[in-house]
Amino acid sequence: MDAILLRIEEKIAKLRQSLKSRPATPTSSTEEYSCEKCCDKEFIQVEDGTWIFCECRKLRDLQRRIKSSMIDSQFIKASFGDYKRQPYNEKMYRTVAEYAGNFEQIRVQRHNGIGLLAVVGEKKLNEILNSARKSEEKARHNSYGLGKTHLLSALAMHLIMQGKQVLMVNDSDIIAELRQSQFDEEGMEKAIGLVENAEVLIWDDLGKAKTTDWVLNQYYRIINYRYRKQLPTCFSTNEDLDTLVDKVGDAAASRLYAMCKGRLVCVEGPDYRLLG
Ligand SMILES: Nc1ncnc2c1ncn2[C@@H]1O[C@H](COP(=O)(O)OP(=O)(O)OP(=O)(O)O)[C@@H](O)[C@H]1O
Ligand SMILES: [Mg+2]
Ligand SMILES: [Zn+2]
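Printed below as a string of structure tokens:
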């Protein structure tokens, strides 16, 4: 299975290289095209006069899918191959890598998501009153910089390469975006519809936004919709199984845990950002 992942990642690396060397749009007004063959029309006419897709189309499709997935540009390069496996992160790595490798079989199952959680949630740690104890417990139960976003981005790229439509949203960003469009009914429906209907939704940092009734309603609406349609939903959070319930509400958490049953991984360890 690791060999298959590595082969796909080699393919991704090659495609990235060619994406880099070909700008998507003409670079100047002097007819400079990223594909000289079709002058960026994506079609070419063959001898008998019929039009066929140009070979650059596959690459442009991939480019479009990466763009519409909203993966953070900082993480487009993240791969399974460059993830350093350690005893404390092995279960998380295997869960995400196996999911990537077996997505077609998993997606049709009732439990077709992944949840990466903390062992002791941020909310619980922040409630410790004694400041010395608080920093001690925070260090002992660190859930930051473990590579959750890294692994979920590698998963997103892997699925995009297989032609899946992936949407990767960051909790604070998506809540801010929905909040902005809340007084524009059409805009709000469009934004929420994209999240609800994504073929694969990856929700990073779930529960980060400040909990209000309005935020709880948005979580419920999106999660309930995806639960009913059995659409694959993966998430990461710095909360644990108990504190996430407080952050997203009982009804949303119950559905989310059911969707990710068998793939809820609670992880803690050293912050990679602070290593070396
Ligand atoms: N095991 C690892 N091997 C290689 N790189 C790693 C590993 N763990 C983390 N990183 C890198 O460390 C940085 C932080 O990782 P990442 O943002 O994925 O952590 P996170 O668990 O999502 O943290 P947070 O909870 O703060 O969002 C990233 O640049 C990521 O690529
Ligand atoms: Mg993260
Ligand atoms: Zn072309």
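Position 50 (the sequence shown) corresponds to 57 in the working numbering; numbering is contiguous. Using N, Cα and C, we set each Cβ at its ideal position, and we do this for glycine too.
Residue i burial status per 10 Å Cβ neighbour count (16 or more: buried)
i    : result
P33  : Per-residue confidence for P33 stands at a pLDDT of 48, beneath the threshold of 50, marking its modelled position as unreliable; the derived number appears in the next sentence. The residue in question, P33, is exposed, as its Cβ has fewer than 16 Cβ neighbours within 10 Å.
R254 : Correcting the residue identity first, residue 254 is Lys in this sequence and not Arg. Its Cβ being crowded by 16 or more others within 10 Å, K254 is buried.
N133 : exposed
L136 : exposed
C267 : buried
T102 : buried
T37  : Caution applies to T37, whose pLDDT of 45 falls short of 50 and renders its modelled position unreliable; the value that the coordinates give is listed next. With fewer than 16 Cβ atoms within 10 Å of its Cβ, T37 is classed as exposed.
I59  : exposed
V259 : Note that residue 259 corresponds to Ala in the displayed sequence, not to Val. Buried, by the Cβ-count rule.
R233 : buried
Y95  : exposed
E246 : buried
S138 : exposed
S80  : exposed
Q225 : buried
T244 : buried
G283 : exposed
F50  : exposed
Residue interval of the alpha helix (DSSP H) (run including residue i)
i    : result
Q225 : D220 to K236
A146 : S138 to R147
L201 : E192 to N204
Per DSSP, the bridge partner or partners of residue i
i    : result
L158 : Beta-bridge pairing links L158 to no other residue.
I51  : I59
G3   : Nothing in the structure corresponds to residue 3, since the chain is present only between 8 and 283.
Secondary structure of residue i, DSSP reduced to three states
i    : result
T37  : Only weak support is given to the placement of T37: the predicted model assigns it a pLDDT of 45, under 50, and the question is left unresolved by the model.
C241 : strand
L248 : coil
G269 : coil
F87  : coil
G108 : helix
N96  : coil
M77  : coil
V127 : coil
D180 : helix
Y279 : helix
A258 : helix
Q189 : coil
K65  : helix
I167 : helix
Y151 : coil
A31  : Reliability of the predicted coordinates at A31 is poor, the pLDDT of 48 falling under 50, and no value is obtained from them.
E43  : coil
E134 : coil
L263 : helix
N- and C-terminal bounds of the beta strand (DSSP E) containing residue i
i    : result
D211 : V207 to D211
V115 : Premise fails: V115 is in no beta strand (DSSP E) and is neither H nor E.
L174 : V173 to N177
Please determine if the stretch 104-114 and the stretch 160-172 are in contact, where contact requires at least 3 C-beta pairs separated by less than 8 Å.
yes
For the pair the stretch 86-93 and the stretch 137-151, tell me if three or more CB-CB distances fall below 8 Å.
no
Below 5 Å from a heavy atom of ligand 5 - residues by beta-carbon:
Inclusion of ligand 5 in the displayed structure is not the case, the ligand content consisting of ligand 1, ligand 2 and ligand 3 alone.
Taking one C-beta from the stretch 62-79 and one from the stretch 119-128 each time, how about it: are there three or more such pairs within less than 8 Å?
no
Okay, do the stretch 178-186 and the stretch 195-212 touch, 3+ Cβ pairs below 8 Å being the bar?
yes
Assess, as a yes-or-no matter, whether the stretch 256-273 is touched by the stretch 232-240 under the definition of 3 or more beta carbon pairs within less than 8 Å.
yes
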